[in-house]
Amino acid sequence: MMKNFLMIVFAICFVSCSSFKAERVGAKESDEKSLEITDNWMSEDTRTAIKEVIKQMETHPRFKRQLKKYRGEPKVFVAEVQNNTSEAYFPIGDMNDELLFELSKSGDFVLVDASAREKILDEITYQNDGMVDPSTSKQIGNQLGADLMIFGNVYMKPEKRDGKTIKEYSVNLRMTDIGKGIEVLRTRTKVYKYSDKASFGW
């Protein structure tokens, strides 16, 4: 009798512990659900931060004056936005991609593909090694030089007090005129993440 009772209890515990449910949700809802279990940086934070960066660019007085000095659309080289937080898994690659996406979508810039430069050079070298029809091969020296270069970083400053944590993320970007070596734009946007580690017992 006792043996059967224990088996029933074990079965109930096993079913309850192994319960799992998955569902497909939108990006915003996904972030909202994730906030229930983590205070880490989310995809919505990336989109919000980069949109704010673009907004600051569009309203920056000196930068708007500088853009008028270029012939047509200025050519922009995005060096890299670096992860200077203590979080090794901060999605810095997503932030770089989102920045490139928003710059491209604005239609105000010509993007110089930094990540593909080495591969492009390899392909041009291959084409000029007699492997393709000379009339179709591309020549070294015809690529466009960038007018502006973007650098950036992300910092995170945590503050803990009585089981509560506030993370202050700071996304900083600066744009430099390559020919003159002068800074033409600097933006900063901050995102705050709050978490409360509730204590509970069995």
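This note's numbering applies: residue 13 is where the sequence shown begins, and numbers increase by one. Heads up, the beta-carbon is just placed ideally off N, CA and C, and yes, glycines get one too.
Bounding residues of the beta strand (DSSP E) (the contiguous stretch that carries residue i)
i, result
"S182", "176–189"
"Y82", "Run containing Y82: none; DSSP gives neither H nor E here."
"I162", "160–173"
"T137", "T137 -> not in any beta strand (DSSP E); alpha helix (DSSP H) instead, spanning 129–138."
"N95", "87–95"
"L123", "122–124"
Start-to-end residues for the alpha helix (DSSP H) that takes in residue i
i, result
"F113", "104–118"
"V144", "Where V144 is concerned, there is no enclosing alpha helix (DSSP H), given that its DSSP letter is neither H nor E."
Coarse secondary structure for residue i, derived from DSSP in three states
i, result
"A61", "helix"
"I215", "The structure shown does not extend to residue 215, since the chain is modelled only from 13 through 214, so no value can be given for it."
"T201", "strand"
"E48", "Only weak support exists for where E48 lies, its pLDDT of 49 falling under 50; the value from the coordinates is given anyway. Looking at E48 - three-state DSSP - the assignment turns out to be coil, as it is neither helix nor strand."
"S98", "coil"
"S207", "strand"
"S149", "coil"
"D43", "Confidence at D43 is low in this model, with a pLDDT of 48, below 50, so its placement is unreliable and no value can be given for it."
"Q155", "coil"
"V37", "For V37, the pLDDT reaches just 46, beneath the cut-off of 50, and the residue's location in the model is therefore unreliable, leaving the point undetermined."
"M69", "helix"
Sequence-distant residues of its chain with Cβ nearer than 7 Å to residue i (five each side left out)
i, result
"T137", "none"
"D43", "Caution applies to D43, whose pLDDT of 48 falls short of 50 and renders its modelled position unreliable; the value that the coordinates give is listed next. Correct list, in chain order: M54, S55, E56."
"F75", "M69, V196, L197"
"F121", "E85, P86, V88, L115"
"N95", "F102, I104, V166"
Cβ shell of residue i (< 8 Å), same chain only, five flanking positions each side left out
i, result
"Y220", "As displayed, the chain neither begins before 13 nor continues past 214, which places residue 220 out of reach and without an answer."
Contacting residues, own chain, Cβ-Cβ under 6 Å from residue i (five flanking each side not counted)
i, result
"I62", "E110, L111, E114"
"F212", "Summary for F212: the model assigns pLDDT 41, below 50, so the residue's position carries little reliability; its value from the coordinates is reported in the next sentence. Here the set comprises nothing."
"Y206", "I178"
"E99", "none"
"F163", "A91, R186"
"Q78", "V196"
Proximity winner among the options, relative to residue i (alpha-carbon distances)
i, options, result
"D174", "T199, D208, G157", "D208"
"N154", "L133, T199, F102, R83", "L133"
"P170", "N108, K202, D106", "K202"
"V166", "G193, H72, V93", "V93"
"G157", "V90, N52, K67", "V90"
"N108", "T58, P146, G119, R83", "T58"
"G105", "M161, S127, S149", "S127"
"N52", "E64, K81, L79, T97", "T97"
"Y82", "T148, L160, V183", "L160"
Residue i at chain B interface by Cβ criterion, 8 Å
i, result
"L160", "Given the protein chain composition of this structure (a single chain), no chain B is represented."
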